[in-house]
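K.L.:
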Amino acid sequence: MLTIVRGKLKILNIALPLSSAYLLISHGSRDPRPHQAMARLAERVRSQLEKRGWGQGAINYRCSLNSPISQPLAPDQELLPSNRAGYFQANRVLQRAQAKPATPTVVSRKCHYPLVGTATLELADTALHEQIRQFASTAVAGGCNQIQLLPLFLLPGVHVREDIPAEVALAQRDLGEAVALNLRPHVGAHPGLGRLLASQWSGVDMDGKILLSHGSRRVGGNQPVEAVAQELESVAAYWSVPPTLEEQIQVLVARGHKRIGILPYFLFSGGITDAIAQKLDILQTEFPTVKLTLGKPIGTSDILANLIVDLIEP
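Just so you know, we're using our numbering here: the sequence shown kicks off at 1313 and counts up by one.
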């Protein structure tokens, strides 16, 4: 799905610089919770961008999506993006949109900047490159000439290395020179992610720690997880490949640990984190003398939003 979150308009009497819109790309899920979390995260990213002074100098524009010529709008008008109803959740005006106009619709409100959107690689109504193209059309209509795309993935697997770059290339081919698409590093590449994860342990009574990731079958694909686990003074376990959660619990129990904390190395709650919780209930009965405590996924926070802003800085 594709959603848009907008910030407040700021008009400066200066020449308009290179102006970026921002698109956060996640995997996609049939569970509504990750999509809802993405919308909240996009709003936090927009807020952090505003706090850093980005998006200033943006002005209202009226332009045809098929025309490179843009004209300023009156200050009391807002640009309503052209797209499917329901794709946009920024405000009530967008939620009420029903038509699919060939050009942006002007309504009586102000345009908001910076422009932050979300898209999914899988399980969407349209392919990612088409979601990017639609978002780019909205961004160009709003006066942006660059889009910073950030993969919200923790590991540099096939999706990050191959699938997303291929979709971005298709979108750039369709868009031509109207807007530049800049693919930024995936969120798991930020060196500050370990500190964010460390804060997740705060207040947990434990003498052993397990960092639980989905895991990758690609050779070397789990090395980033091992590095983060070492930084957190924990051991790594994986949901889909060995060593499993049960195996690592056995290792820690053999070392004499009695209070073990498990931190899911996942961005948001969803089907897998539900399954982990159910599995842990079973494991607790298998290890009755050990206290097993399950932490929360990373979730939405200003800390994560700031890491994202670091990575999407043009």
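Using N, Cα and C, we set each Cβ at its ideal position, and we do this for glycine too. No experiment lies behind these values; they were computed from the predicted model shown.
Mapping the DSSP letters down to three states, classify residue 1495 as helix, strand or coil.
P.N.:
Three-state result, residue 1495: strand.
K.L.:
Whose CA, out of 1459, 1520, 1445, lies closest to the CA of residue 1487?
P.N.:
Of the listed residues, the one whose Cα sits closest to residue 1487 is 1445.
K.L.:
Going along the chain, which residues of its own chain have a beta-carbon closer than 8 Å to the beta-carbon of residue 1595, five neighbours each way excluded?
P.N.:
Closer than 8 Å at Cβ, skipping near neighbours: 1557, 1558, 1561, 1604.
K.L.:
What are the complete alpha helix (DSSP H) segments, minimum 4 residues, inside the segment 1512 to 1563?
P.N.:
The segment 1512 to 1563 contains these whole alpha helix (DSSP H) runs: 1535 to 1543.
K.L.:
So which of 1428, 1471, 1522, 1602 has the shortest CA-CA distance to residue 1570?
P.N.:
Checked all of 1428, 1471, 1522, 1602; the closest Cα to residue 1570 is 1602.
K.L.:
Cβ atoms of residue 1582 and residue 1343: under 9 Å apart, would you say?
P.N.:
Yes.
K.L.:
Going by the CB atoms, is the gap between residue 1432 and residue 1354 shorter than 9 Å?
P.N.:
No, Cβ-Cβ distance for residue 1354 and residue 1432 is not below 9 Å.
K.L.:
Check the Cβ-Cβ distances between residue 1521 and every residue of chain B, and say whether any is below 9 Å.
P.N.:
The chain inventory of the structure shown lacks chain B, comprising one protein chain alone.
K.L.:
Which residue marks the beginning of the beta strand (DSSP E) containing residue 1573, and which one marks its end?
P.N.:
Its beta strand (DSSP E) spans residues 1571 to 1576.
K.L.:
Does the separation of the CB atoms of residue 1454 and residue 1513 fall below 9 Å?
P.N.:
No, the Cβ-Cβ distance between residue 1454 and residue 1513 is not below 9 Å.
K.L.:
Which residues in the same chain as residue 1464 place their Cβ atom closer than 7 Å to its Cβ, once the five residues preceding and following it in sequence are excluded?
P.N.:
Counting only Cβ-Cβ distances below 7 Å, and skipping sequence neighbours, we find 1336, 1337, 1338, 1499, 1579.
K.L.:
Report yes or no: do the segment 1479 to 1495 and the segment 1529 to 1539 share at least 3 C-beta pairs separated by less than 8 Å?
P.N.:
With a cut-off of 8 Å, the segment 1529 to 1539 and the segment 1479 to 1495 do not count as touching, because too few Cβ pairs lie within range.
K.L.:
Which residue's Cα is closest to the Cα of residue 1467: 1450, 1540, 1617, 1434?
P.N.:
Residue 1540 is the option with its Cα nearest to residue 1467.
K.L.:
According to DSSP, is residue 1363 part of a helix, a strand, or is it coil?
P.N.:
DSSP places residue 1363 in helix when its eight states are reduced to three.
K.L.:
In whole angstroms, give me the CA-to-CA distance for residue 1448 and residue 1459.
P.N.:
Near 7 Å, if we compare the C-alpha coordinates of residue 1459 and residue 1448.
K.L.:
Are residue 1564 and residue 1520 close, meaning C-beta to C-beta below 9 Å?
P.N.:
Taking 9 Å as the Cβ cut-off, residue 1564 and residue 1520 qualify as a contacting pair.
K.L.:
Do residue 1434 and residue 1340 count as a contact pair if the criterion is CB distance below 9 Å?
P.N.:
Yes, these two residues count as a Cβ contact at 9 Å.
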